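Asks:
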Amino acid sequence: MFFLQNVVSGLFWGSIYALAALGIVLVFITSGVVNFAHGEMAMFSTFIVYTLLTYLKLPLYLSIIISIGFAFLFGMAIERGLLRPVREKTHAGMMIITLGVLMVLNGLATTIWGTQEKLFPPIVNREPIFLGSVVIDKYSLFVFIISIAIIVGLFLFLKFSIHGIAMRATVQDEFASRLMGIRIGTVLSFTWGFSAVLGLLAGVFVAPNLYLHSNMMQEIQIKAFTAAVLGGFTSIPGAIVGGLLLGVLENLIAAYITTKLKVTLSLIIIIVILLIRPHGLMGRKEVKRV
Amino acid sequence: MKGKNLVIISLIIAILFPLFFLNKSFIIYLLTLALIYAIGAISFNLLLGIAGQLSLGHAAFMGIGAYTSTLLVMKLNLPFLPSLIIAGIVSSLFGILIGFPSLRVTGFYLALVTMAFGIAITQIIGYLSFTGGYHGIKEIPPPEIFGLTLSSDLSKYYLALIFLIVTIILLTNLINSKTGRALKSLRENEILASSLGINVSYYKILVFVISAFFAGISGSLYAHTVSYISPNDFGLGASLNFLAMIVIGGLGSVPGSILGAIFITIVPVFFARTSFSPYVFNGIMIILIMMLLPQGLIYLPNLFKKKA
Numbered sequence: 237m238f239f240l241q242n243v244v245s246g247l248f249w250g251s252i253y254a255l256a257a258l259g260i261v262l263v264f265i266t267s268g269v270v271n272f273a274h275g276e277m278a279m280f281s282t283f284i285v286y287t288l289l290t291y292l293k294l295p296l297y298l299s300i301i302i303s304i305g306f307a308f309l310f311g312m313a314i315e316r317g318l319l320r321p322v323r324e325k326t327h328a329g330m331m332i333i334t335l336g337v338l339m340v341l342n343g344l345a346t347t348i349w350g351t352q353e354k355l356f357p358p359i360v361n362r363e364p365i366f367l368g369s370v371v372i373d374k375y376s377l378f379v380f381i382i383s384i385a386i387i388v389g390l391f392l393f394l395k396f397s398i399h400g401i402a403m404r405a406t407v408q409d410e411f412a413s414r415l416m417g418i419r420i421g422t423v424l425s426f427t428w429g430f431s432a433v434l435g436l437l438a439g440v441f442v443a444p445n446l447y448l449h450s451n452m453m454q455e456i457q458i459k460a461f462t463a464a465v466l467g468g469f470t471s472i473p474g475a476i477v478g479g480l481l482l483g484v485l486e487n488l489i490a491a492y493i494t495t496k497l498k499v500t501l502s503l504i505i506i507i508v509i510l511l512i513r514p515h516g517l518m519g520r521k522e523v524k525r526v
Numbered sequence: 437m438k439g440k441n442l443v444i445i446s447l448i449i450a451i452l453f454p455l456f457f458l459n460k461s462f463i464i465y466l467l468t469l470a471l472i473y474a475i476g477a478i479s480f481n482l483l484l485g486i487a488g489q490l491s492l493g494h495a496a497f498m499g500i501g502a503y504t505s506t507l508l509v510m511k512l513n514l515p516f517l518p519s520l521i522i523a524g525i526v527s528s529l530f531g532i533l534i535g536f537p538s539l540r541v542t543g544f545y546l547a548l549v550t551m552a553f554g555i556a557i558t559q560i561i562g563y564l565s566f567t568g569g570y571h572g573i574k575e576i577p578p579p580e581i582f583g584l585t586l587s588s589d590l591s592k593y594y595l596a597l598i599f600l601i602v603t604i605i606l607l608t609n610l611i612n613s614k615t616g617r618a619l620k621s622l623r624e625n626e627i628l629a630s631s632l633g634i635n636v637s638y639y640k641i642l643v644f645v646i647s648a649f650f651a652g653i654s655g656s657l658y659a660h661t662v663s664y665i666s667p668n669d670f671g672l673g674a675s676l677n678f679l680a681m682i683v684i685g686g687l688g689s690v691p692g693s694i695l696g697a698i699f700i701t702i703v704p705v706f707f708a709r710t711s712f713s714p715y716v717f718n719g720i721m722i723i724l725i726m727m728l729l730p731q732g733l734i735y736l737p738n739l740f741k742k743k744a
């Protein structure tokens, strides 16, 4: 029972890792950039929710909806303003720019909101629910269901909608897609906006458990990377499976061994996966051309 | 000939400069820190600028060096110089450990591994008890060489300067040697390099070992100069500051690394009285340099020359 209980609470964290990983993978497969600022963008937008909530006294749901709009535009602006200009020139340069964005956002957050940890309300209350002998609180269940719903929704969107098909076409062949009349630029900024929204949701879901502060997403981001590496970095189902797997694994290790070395576990997983199976559980093997 | 003059002039400035601030120990202390960071920055530039391996855990190597040297001096009563060398060696052993994944993967995967490594190291140091946990280690003794205790700020400055000069000479020669050219070929195209008979695995591990060694040395100097270390001094933030140093100074350039290290160490002083975080400034500089002047600030004079 103890085992099952830990698996269930691992799924809660796993769904958050999956959401964050999904944002990273989505951006990577469309624009080829690993967004190191993903976590800090999420942290910053979550602080926007907090500000609307505490200073303007708006209701939580409204604050989240406004912030979703903010996160979307924010993601688009970063892609259009900072990354597009160097896209044709250097690839490593784009990665370094996202690291610069990471620093700016982290510094801005401590400048504006200070270094103190802040309480953040959960979207639904934490009433316990009994499923046989396993206890889940209502909030964790809610987060899990919402995350799965978002992921399924995204999957359907990519599979069937015209924009989703345009996005997948861009992934496959940018040049040919452009010839087919797809606006690559729009697809790119759209993807970045979308990814930022996924990050925001991960931030809003995790903030009640971790307290809101400027380094909140640092560990989540490492775990999202781990989840993405587990899944292969190029596969959307891979990111989800990787996230859930990592959440459960981490919770079991915390329960039976120690709670303090979670990032070390992630490091070990990343290294082992990269050494044994670099394309992850579900990714495609990469073929290089000179 | 002109380059040689420039080197001699900067050397004279570096020797004489602190003498003007004899009664302002804070300025000398800050300059010493800049020199120590410059050693780390040059070694990082060898890794990223020359060999093209993006690591986000360089400060962790510095931390390993700092902790090794401190523990050897304080717990085992070893003299300073042997501790410093052992610190470099232990750090380079970790370099091998992190170099291995880089054989299988390139580009951003390496950045991920090293980023996780950097954060994991701070967690492990914080978790262990003999390292003093998250509180760190206080009252580290100043460096002692041949019975001479270097407790004054000025003597620490000159010690750091000597180590920096040795580092510059060794690494500049390395970069201009056959090994240096092999490392540059890794940066340009690995597959092409291996088809020209360059042993890619050997050189990748080698560059990690050398770079980690010098980072460890700079960590040891840091610990004995500041006399207080804690895991947070060597976390992700510190590694990103290293990145800022060499991107701002100039990727692949030794003088650029020094310029960047001085820049990043001195700038926070101007923000000390405001609540503004210097991190923001560093981040903005990285973005602007990457977009407008990818060769770094060291390239700035050349820009004016071309126009003239």
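Residue numbers (the numbering used here), protein chains in the order written: chain A, 237 to 526; chain B, 437 to 744.
Quick reminder that beta carbons are idealized off the backbone N, C-alpha and C, glycines included.
All figures in this text were calculated on a predicted structure; none of them were measured in a lab.
#1: Using the Cα positions of MET437 of chain B and GLY429 of chain A, report the straight-line distance between them to the nearest angstrom.
#2: Closer than 8 Å is the cut-off here; do at least three beta carbon pairs connect the stretch 452-462 of chain B with the stretch 678-689 of chain B?
#3: Any idea if ILE458 of chain A is buried or exposed, counting beta-carbon neighbours within 10 angstroms, 16 or more meaning buried?
#4: Rounded to whole angstroms, what is the Cα-Cα separation between ARG362 of chain A and LEU289 of chain A?
#5: Where PRO473 of chain A and ILE384 of chain A are concerned, what is the direct C-alpha to C-alpha distance, given to the nearest angstrom?
#6: Which residues of chain B have a Cβ atom closer than 9 Å to the Cβ of ILE333 of chain A, listed in chain order?
#7: Quick one: what's ASP373 of chain A bridged to in DSSP?
#8: For my contact list, GLU214 of chain A and SER425 of chain A are in at a C-beta cut-off of 8 Å; report their separation, rounded to the angstrom.
#9: Rank A:PRO357, A:MET331, A:LEU481, A:VAL269 by C-alpha distance to the C-alpha of GLY439 of chain A and give the top, closest one.
#10: Quick one, which of A:MET518, A:LEU262, A:GLY250, A:GLY246 has its alpha-carbon nearest SER431 of chain A's?
#11: Residues of chain B with a CB under 7 Å from the CB of SER502 of chain A: which are they?
#12: Label ALA496 of chain B either buried or exposed according to how many other C-beta atoms from any shown protein chain fall within 10 Å of its C-beta, with 16 as the threshold for buried.
#13: Identify the residues that DSSP records as bridge partners of LYS354 of chain A: which are they?
#14: Measuring only the C-alpha atoms, how far is ILE486 of chain B from LEU434 of chain A?
#15: State the CB to CB distance for the pair THR558 of chain B and PHE670 of chain B, rounded to an integer number of angstroms; the pair is presumed to be in contact (CB under 8 Å).
#16: For ILE445 of chain B, count the other beta carbons within 10 Å of its own beta carbon; 16 or more makes it buried, fewer makes it exposed. Which is it?
#17: Using a 10 Å radius around the Cβ and a threshold of 16 neighbouring Cβ atoms, would you call TYR715 of chain B buried or exposed?
#18: So for GLU580 of chain B, helix, strand or coil by DSSP?
#19: Could you tell me whether the Cβ of SER711 of chain B comes closer than 8 Å to any Cβ of chain A?
#20: Kindly list the residues whose CB is nearer than 8 Å to the CB of ALA333 of chain A, restricted to its own chain and excluding five residues on each side of it in sequence; keep chain order.
#21: Please determine, among B:THR550, B:SER666, B:ILE581, the residue with the shortest C-alpha to C-alpha distance to ALA502 of chain B.
#22: Among A:SER450, A:LEU501, A:LEU497, whose alpha-carbon lies nearest the alpha-carbon of ILE561 of chain B?
#23: Listed from N- to C-terminal order along the chain, which residues in the stretch 313-324 of chain A have their beta-carbon within a distance smaller than 8 Å of any beta-carbon of chain B?
#24: Let's test the definition: count the other Cβ atoms within 10 Å of the Cβ of GLU324 of chain A and tell me whether it reaches 16, buried, or not, exposed.
#25: Within its chain, find whatever has a CB closer than 6 Å to the CB of ALA474 of chain B; leave out the 5 residues flanking it on each side and keep chain order.
#26: Compare the beta carbon distance of TYR593 of chain B and LEU724 of chain B with 8 Å and say whether it is the shorter of the two.
#27: Going by the beta-carbon positions, is the gap between TYR664 of chain B and ILE576 of chain B smaller than 8 Å?
#28: Measuring CB atoms only, is the stretch 476-486 of chain A touching the stretch 245-252 of chain A, in the sense that at least three cross pairs come out at less than 8 Å?
#29: At the level of alpha carbons, what is the spacing between MET277 of chain A and LEU338 of chain A?
#30: Tell me whether SER299 of chain A counts as near the ligand ZN, meaning its Cβ is closer than 7 Å to at least one heavy atom of that ligand.
#31: Does the count of Cβ pairs from the stretch 461-476 of chain A and the stretch 520-534 of chain B closer than 8 Å reach three?
#32: At which residue ranges does the stretch 457-506 of chain A contain complete alpha helix (DSSP H) runs of 4 or more residues, listed in the order of the chain?
#33: Within the stretch 644-725 of chain B, note down every full alpha helix (DSSP H) run reaching 4 residues or more, in order along the chain.
#34: Are the Cβ atoms of GLY531 of chain B and VAL645 of chain B separated by less than 8 Å?
#35: Checking the sheet assignment: what are the DSSP bridge partners for ILE573 of chain B?
#36: Would you identify the three-state DSSP class for THR201 of chain A, choosing helix, strand or coil?
Replies: For this structure:
#1: Note that MET437 of chain B has pLDDT 46, beneath the 50 cutoff, so the model's placement of it is unreliable and the number below is only indicative. Distance between the alpha carbons of MET437 of chain B and GLY429 of chain A: 54 Å.
#2: no
#3: buried
#4: 20 Å
#5: 12 Å
#6: ILE722, ILE723, MET726, MET727
#7: A:PRO364
#8: Residue 214 of chain A lies beyond the range of chain A shown here (237 to 526); nothing can be said about it.
#9: A:PRO357
#10: A:LEU262
#11: ALA552
#12: buried
#13: A:LEU448
#14: 37 Å
#15: 6 Å
#16: exposed
#17: buried
#18: strand
#19: yes
#20: First, the residue type needs correcting, since residue 333 of chain A is Ile and not Ala in the sequence shown. The answer, listed in chain order, is LEU318, LEU319, VAL322.
#21: B:SER666
#22: A:LEU497
#23: LEU318, PRO321, VAL322
#24: exposed
#25: LEU600, ILE694, ALA697
#26: no
#27: yes
#28: yes
#29: 8 Å
#30: Inclusion of the ligand ZN in the displayed structure is not the case, the ligand content being empty and no account of it being possible.
#31: no
#32: 472-492
#33: 672-685, 690-707
#34: yes
#35: B:ILE665
#36: Lying before the first or after the last residue shown, residue 201 of chain A is absent from chain A, which here runs from 237 to 526.
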